[in-house]
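By the count of the working numbering, the sequence shown reaches residue 231 at its end, each step adding exactly one.
Encoded as C-alpha coordinates, the structure appears first; notes follow it.
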Amino acid sequence: MATFDMVFEGGGAKGIAFVGALEAFIAAGHTPGRLIGTSAGAITATLLAAKFTSPELRAAVTERLSDGKPRFSTFMDKPTKDDFPDSVIDQSETMEAFNSVHPGLLAGVFGKLDRKVLNALLSTSVYAQLFSFVECGGLFAGKAFLDWLRKKLGQKGIGENDTLQTFHEKTGADLSVVASDTTDKEMLVLNHRTAPQCPIAWAVRMSMSIPFVWQTVMWEGKWGR
(Lines of atoms letter the chains of each structure in order from A and count residues from 1; the text may use other names and numbers.)
(Lines give C-alpha, C1' and ligand atoms only; values in the text may rest on other atoms or scores of the structure.)
Protein backbone atom coordinates (compact mmCIF):
# COMPACT_ATOMS: atom_id res chain seq x y z
CA MET A 1 0.00 0.00 0.00
CA ALA A 2 1.53 3.27 -1.16
CA THR A 3 0.94 6.61 -2.84
CA PHE A 4 1.82 6.74 -6.52
CA ASP A 5 2.06 9.61 -8.99
CA MET A 6 -0.13 8.70 -11.96
CA VAL A 7 0.20 9.43 -15.69
CA PHE A 8 -2.81 8.96 -18.00
CA GLU A 9 -2.04 8.95 -21.71
CA GLY A 10 -4.39 9.94 -24.50
CA GLY A 11 -6.64 7.67 -26.53
CA GLY A 12 -10.43 7.90 -26.49
CA ALA A 13 -11.16 4.21 -25.87
CA LYS A 14 -8.71 4.15 -22.97
CA GLY A 15 -11.12 6.10 -20.78
CA ILE A 16 -12.94 2.96 -19.68
CA ALA A 17 -9.66 1.03 -19.38
CA PHE A 18 -8.36 3.68 -16.99
CA VAL A 19 -11.45 3.20 -14.82
CA GLY A 20 -10.83 -0.55 -14.56
CA ALA A 21 -7.17 0.01 -13.72
CA LEU A 22 -8.11 2.55 -11.05
CA GLU A 23 -10.60 0.14 -9.49
CA ALA A 24 -7.85 -2.46 -9.13
CA PHE A 25 -5.38 0.20 -7.92
CA ILE A 26 -7.71 1.45 -5.17
CA ALA A 27 -8.85 -2.07 -4.23
CA ALA A 28 -5.18 -2.85 -3.52
CA GLY A 29 -5.18 -0.03 -0.98
CA HIS A 30 -3.07 2.41 -2.99
CA THR A 31 -3.80 6.14 -3.27
CA PRO A 32 -3.06 8.58 -6.12
CA GLY A 33 -0.46 11.29 -5.66
CA ARG A 34 0.29 13.83 -8.38
CA LEU A 35 -1.82 13.43 -11.52
CA ILE A 36 -1.12 14.28 -15.15
CA GLY A 37 -3.04 13.41 -18.29
CA THR A 38 -3.54 14.08 -21.98
CA SER A 39 -6.84 14.02 -23.88
CA ALA A 40 -8.89 11.08 -22.51
CA GLY A 41 -6.23 10.83 -19.84
CA ALA A 42 -6.75 14.49 -18.94
CA ILE A 43 -10.46 13.86 -18.48
CA THR A 44 -9.74 10.88 -16.21
CA ALA A 45 -7.04 12.70 -14.22
CA THR A 46 -9.26 15.77 -13.74
CA LEU A 47 -12.29 13.81 -12.54
CA LEU A 48 -10.08 11.78 -10.23
CA ALA A 49 -8.53 14.99 -8.87
CA ALA A 50 -12.05 16.33 -8.32
CA LYS A 51 -12.65 13.36 -5.99
CA PHE A 52 -14.74 11.16 -8.28
CA THR A 53 -14.86 7.63 -6.93
CA SER A 54 -14.25 4.62 -9.18
CA PRO A 55 -18.02 3.91 -9.53
CA GLU A 56 -18.63 7.59 -10.33
CA LEU A 57 -15.87 7.55 -12.94
CA ARG A 58 -17.34 4.42 -14.52
CA ALA A 59 -20.78 6.05 -14.63
CA ALA A 60 -19.31 9.18 -16.23
CA VAL A 61 -17.41 7.44 -19.03
CA THR A 62 -20.21 4.96 -19.80
CA GLU A 63 -23.04 7.49 -19.60
CA ARG A 64 -25.72 7.04 -22.25
CA LEU A 65 -28.50 9.15 -23.71
CA SER A 66 -32.17 8.28 -23.51
CA ASP A 67 -31.91 6.62 -26.94
CA GLY A 68 -29.06 4.39 -25.77
CA LYS A 69 -26.29 6.20 -27.62
CA PRO A 70 -23.08 6.99 -25.69
CA ARG A 71 -22.93 10.48 -24.21
CA PHE A 72 -19.54 10.89 -25.89
CA SER A 73 -21.26 10.72 -29.30
CA THR A 74 -22.71 14.17 -28.62
CA PHE A 75 -19.22 15.67 -28.48
CA MET A 76 -19.16 15.77 -32.28
CA ASP A 77 -21.40 18.83 -32.14
CA LYS A 78 -21.78 20.74 -35.39
CA PRO A 79 -21.29 24.48 -34.92
CA THR A 80 -24.06 27.02 -35.38
CA LYS A 81 -23.88 30.73 -36.16
CA ASP A 82 -24.04 31.50 -32.43
CA ASP A 83 -20.72 29.69 -31.93
CA PHE A 84 -18.87 32.40 -33.88
CA PRO A 85 -18.25 35.72 -32.10
CA ASP A 86 -18.57 38.89 -34.17
CA SER A 87 -14.80 39.37 -33.93
CA VAL A 88 -14.21 36.00 -35.61
CA ILE A 89 -16.70 36.75 -38.38
CA ASP A 90 -15.44 40.28 -39.03
CA GLN A 91 -11.79 39.17 -39.17
CA SER A 92 -12.43 36.01 -41.15
CA GLU A 93 -10.86 35.21 -44.49
CA THR A 94 -14.37 35.07 -45.90
CA MET A 95 -14.99 38.73 -45.06
CA GLU A 96 -11.54 39.57 -46.40
CA ALA A 97 -12.46 37.89 -49.67
CA PHE A 98 -15.72 39.85 -49.81
CA ASN A 99 -13.84 43.10 -49.19
CA SER A 100 -11.31 42.32 -51.91
CA VAL A 101 -14.00 42.44 -54.60
CA HIS A 102 -15.34 45.76 -53.29
CA PRO A 103 -12.26 48.02 -53.29
CA GLY A 104 -12.12 51.60 -52.07
CA LEU A 105 -15.39 53.38 -51.34
CA LEU A 106 -17.39 50.37 -52.52
CA ALA A 107 -16.15 48.37 -49.53
CA GLY A 108 -18.08 50.63 -47.17
CA VAL A 109 -21.18 50.53 -49.35
CA PHE A 110 -21.26 46.76 -49.64
CA GLY A 111 -19.88 45.96 -46.18
CA LYS A 112 -23.25 45.61 -44.44
CA LEU A 113 -24.63 43.60 -47.33
CA ASP A 114 -21.63 41.27 -47.25
CA ARG A 115 -22.17 40.72 -43.53
CA LYS A 116 -25.84 39.87 -44.11
CA VAL A 117 -24.87 37.40 -46.82
CA LEU A 118 -22.31 35.76 -44.53
CA ASN A 119 -24.78 35.60 -41.64
CA ALA A 120 -27.28 33.89 -43.95
CA LEU A 121 -24.64 31.37 -45.02
CA LEU A 122 -23.69 30.69 -41.40
CA SER A 123 -27.31 29.87 -40.66
CA THR A 124 -26.93 26.75 -42.79
CA SER A 125 -25.37 23.68 -41.18
CA VAL A 126 -23.05 22.83 -44.08
CA TYR A 127 -21.54 26.29 -44.43
CA ALA A 128 -21.24 26.80 -40.66
CA GLN A 129 -19.19 23.61 -40.44
CA LEU A 130 -17.03 24.65 -43.41
CA PHE A 131 -16.50 28.10 -41.85
CA SER A 132 -15.58 26.43 -38.56
CA PHE A 133 -12.98 24.26 -40.28
CA VAL A 134 -11.37 27.10 -42.24
CA GLU A 135 -11.58 29.91 -39.69
CA CYS A 136 -11.52 28.06 -36.34
CA GLY A 137 -9.41 25.00 -37.11
CA GLY A 138 -11.98 22.24 -36.64
CA LEU A 139 -15.22 20.76 -37.95
CA PHE A 140 -16.92 20.51 -34.55
CA ALA A 141 -17.58 23.16 -31.92
CA GLY A 142 -16.51 21.29 -28.78
CA LYS A 143 -19.15 23.13 -26.74
CA ALA A 144 -21.05 19.94 -25.85
CA PHE A 145 -17.94 18.48 -24.23
CA LEU A 146 -17.26 21.68 -22.33
CA ASP A 147 -20.84 21.76 -21.02
CA TRP A 148 -20.63 18.09 -19.99
CA LEU A 149 -17.35 18.54 -18.15
CA ARG A 150 -18.57 21.63 -16.32
CA LYS A 151 -21.66 19.73 -15.22
CA LYS A 152 -19.56 16.82 -13.92
CA LEU A 153 -17.18 19.10 -12.05
CA GLY A 154 -20.14 20.99 -10.65
CA GLN A 155 -21.22 17.79 -8.91
CA LYS A 156 -18.07 18.11 -6.80
CA GLY A 157 -18.40 21.81 -6.08
CA ILE A 158 -16.13 23.00 -8.89
CA GLY A 159 -17.70 26.03 -10.54
CA GLU A 160 -17.75 27.03 -14.19
CA ASN A 161 -15.22 29.80 -13.55
CA ASP A 162 -12.87 27.82 -11.31
CA THR A 163 -9.29 28.07 -12.50
CA LEU A 164 -6.41 25.66 -12.13
CA GLN A 165 -5.44 27.68 -9.05
CA THR A 166 -8.85 27.60 -7.37
CA PHE A 167 -9.28 23.94 -8.37
CA HIS A 168 -6.03 23.16 -6.56
CA GLU A 169 -7.16 25.14 -3.52
CA LYS A 170 -10.52 23.36 -3.36
CA THR A 171 -9.28 19.81 -3.98
CA GLY A 172 -5.69 19.87 -2.74
CA ALA A 173 -4.81 17.86 -5.85
CA ASP A 174 -1.61 18.41 -7.81
CA LEU A 175 -3.10 18.11 -11.30
CA SER A 176 -1.37 18.82 -14.62
CA VAL A 177 -3.06 18.75 -18.00
CA VAL A 178 -1.03 18.40 -21.21
CA ALA A 179 -2.06 20.33 -24.31
CA SER A 180 -0.45 21.38 -27.60
CA ASP A 181 0.35 24.91 -28.72
CA THR A 182 -0.27 24.55 -32.45
CA THR A 183 1.06 28.05 -33.16
CA ASP A 184 4.48 27.70 -31.54
CA LYS A 185 4.49 23.91 -31.97
CA GLU A 186 5.26 23.08 -28.37
CA MET A 187 3.85 21.02 -25.53
CA LEU A 188 2.07 22.83 -22.73
CA VAL A 189 1.91 21.44 -19.21
CA LEU A 190 -0.90 23.35 -17.53
CA ASN A 191 -1.31 23.41 -13.76
CA HIS A 192 -1.73 25.84 -10.87
CA ARG A 193 1.93 26.85 -11.17
CA THR A 194 2.25 27.38 -14.93
CA ALA A 195 -1.22 28.72 -15.82
CA PRO A 196 -2.97 29.55 -12.53
CA GLN A 197 -5.73 31.65 -14.09
CA CYS A 198 -6.65 29.20 -16.84
CA PRO A 199 -10.17 27.80 -16.23
CA ILE A 200 -9.94 24.11 -15.40
CA ALA A 201 -12.64 23.18 -17.93
CA TRP A 202 -10.85 25.04 -20.73
CA ALA A 203 -7.54 23.36 -19.86
CA VAL A 204 -9.13 19.94 -20.34
CA ARG A 205 -10.96 21.14 -23.45
CA MET A 206 -7.58 22.13 -24.96
CA SER A 207 -6.09 18.76 -24.06
CA MET A 208 -8.89 16.68 -25.58
CA SER A 209 -8.93 18.63 -28.83
CA ILE A 210 -7.67 17.15 -32.09
CA PRO A 211 -6.61 19.59 -34.84
CA PHE A 212 -9.13 19.81 -37.69
CA VAL A 213 -11.67 17.85 -35.63
CA TRP A 214 -12.57 20.33 -32.87
CA GLN A 215 -12.25 24.09 -33.00
CA THR A 216 -8.95 25.49 -31.78
CA VAL A 217 -9.04 27.14 -28.36
CA MET A 218 -7.53 30.63 -28.47
CA TRP A 219 -5.22 31.18 -25.52
CA GLU A 220 -5.94 34.22 -23.35
CA GLY A 221 -2.95 36.10 -21.97
CA LYS A 222 -4.49 36.42 -18.51
CA TRP A 223 -4.37 32.65 -18.08
CA GLY A 224 -0.63 32.62 -17.42
CA ARG A 225 2.35 30.59 -18.82
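Virtual Cβ for every residue (Gly too), placed ideally from N, Cα, C.
This one's a predicted model, so the numbers in the text were calculated from it and none came from an experiment.
With a threshold of 7 Å on Cβ separation, who are the neighbours of residue i within its own chain once the five nearest residues in sequence on each side are excluded?
i	result
Leu170	Leu196, Asn197, His198, Ala201, Pro202, Cys204, Ile206, Ala209
Thr86	Ala134
Ile164	Ala56, Phe173, Lys176, Ile206
Val25	Ser60, Leu63, Arg64, Val67
Ser129	Lys87
Would you kindly work out how many angstroms separate the C-alpha atoms of residue i and residue j, rounded to a whole number?
i	j	result
Ala56	Val67	15 Å
Glu175	Phe14	22 Å
Thr50	Val219	21 Å
Gly160	Ala34	29 Å
Lys228	Asn167	14 Å
Leu91	Ser72	Here residue 91 turns out to be Pro, not Leu, going by the sequence shown. Roughly 32 Å between the two C-alpha positions.
Gly143	Phe137	9 Å
Ser131	Leu145	11 Å
Ala65	Ser213	22 Å
Thr52	Ala179	9 Å
Asn105	Asp96	11 Å
Pro217	Leu152	17 Å
Using C-beta distances below 6 Å, list every residue in its chain close to residue i, excluding the 5 sequence neighbours before and after it, in chain order.
i	result
Asp3	Since the first and last residues shown for the chain are 7 and 231, residue 3 lies out of range.
Gly16	Thr44, Ser45, Ala46, Gly47
Leu111	At Leu111 the pLDDT is 49, less than 50, meaning the model places this residue with poor confidence and gives no usable figure here.
Leu28	Ser60
Can you round the beta-carbon distance between residue i and residue j to whole angstroms, since I take them to be within the 8 Å contact cut?
i	j	result
Met271	His36	There is no way to answer for residue 271, as the model of the chain reaches only from 7 to 231.
Arg211	Trp154	The pair is not a contact, with the Cβ atoms about 10 Å apart (cut-off 8 Å).
Phe10	Gly39	6 Å
Ala23	Thr80	Contact doesn't hold; Cβ gap of about 22 Å is too wide.
May I ask you to check if the CB of residue i is nearer than 7 Å to at least one heavy atom of the ligand ZN?
i	result
His174	What this structure holds is no ligand at all, so the ligand ZN is not there to describe.
Excluding the five sequence neighbours on either side, which residues of its own chain have a C-beta within less than 8 Å of the C-beta of residue i, listed in chain order?
i	result
Ile32	Ser60
Glu141	Phe90, Val94, Ser98, Glu99, Thr100
Practice task
Count the CB pairs spanning the stretch 170-187 and the stretch 119-128 that are closer than 8 Å, and state whether there are at least three.
Solution key: no
Exercise for the section: Would you mind listing the alpha helix (DSSP H) stretches within the stretch 14-96 that are 4+ residues and don't spill past its ends, in chain order? Expected result: 20-33, 46-55, 60-67, 92-96
Practice task
Please list the segments of the beta strand (DSSP E) lying wholly inside the stretch 109-168, counting only runs of 3 or more residues, in order along the chain.
Solution key: 144-146
Practice task
Tell me, please, whether the stretch 119-138 touches the stretch 93-104 by the rule of three or more beta-carbon pairs shorter than 8 Å.
Solution key: yes
Practice task
Enumerate, from N- to C-terminal direction, the unbroken alpha helix (DSSP H) stretches of 4 or more residues contained entirely within the stretch 172-227.
Solution key: 206-214
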